[in-house]
Amino acid sequence: MTLTHGRFIAYEYDRMVVLFSMLDGEKEIPCAVSTSAMDELEGVVRARAGSA
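So the number in the numbering used here is just where the residue sits in the sequence shown, counting from 1, plus 3.
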């Protein structure tokens, strides 16, 4: 079965991770993605710590 969108669960600020779910039919699948990974997918350039 195809995965479909589920729900937003939380944002863990200390780890900079978005928690969400996907649905496989009636079964909810817990998921997570880092904001760094999302930025990389979008091609966003981020400053590295200590660079100025």
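Glycine residues also receive a C-beta, built at the ideal position from the N, C-alpha and C atoms.
Bear in mind that the values here come from a model prediction, so they are computed numbers and not experimental data.
Kindly list the residues whose CB is nearer than 8 Å to the CB of Leu26, restricted to its own chain and excluding five residues on each side of it in sequence; keep chain order. Residue numbering aside, residue 26 sits at position 23 when the sequence shown is read from its first letter. For Leu26, where only same-chain residues beyond five positions count, the Cβ hits under 8 Å are Leu6, Thr7, His8, Gly9 and Ile32.
Which of the three DSSP states is assigned to Met25 in this structure? Reading the sequence shown from its first residue, position 22 is the one you call residue 25. For Met25, the secondary structure class from DSSP, reduced to helix, strand or coil, is strand.
Work out the CA separation of Ile12 and Ser24 for me, nearest whole Å. Taking the first residue of the sequence shown as 1, we reach residue 24 at position 21. Taking the first residue of the sequence shown as 1, we reach residue 12 at position 9. Distance between the alpha carbons of Ser24 and Ile12: 7 Å.
If you draw a straight line from the alpha carbon of Lys30 to that of Leu22, how long is it in whole angstroms? The sequence position of residue 30 within the sequence shown is 27, counting from 1. The sequence position of residue 22 within the sequence shown is 19, counting from 1. For Lys30 and Leu22, the distance between alpha carbons rounds to 16 Å.
For the beta strand (DSSP E) containing Thr108, list its first residue and its last residue. Absent from the model: residue 108. The displayed extent of the chain is 4 to 55, so no value can be given.
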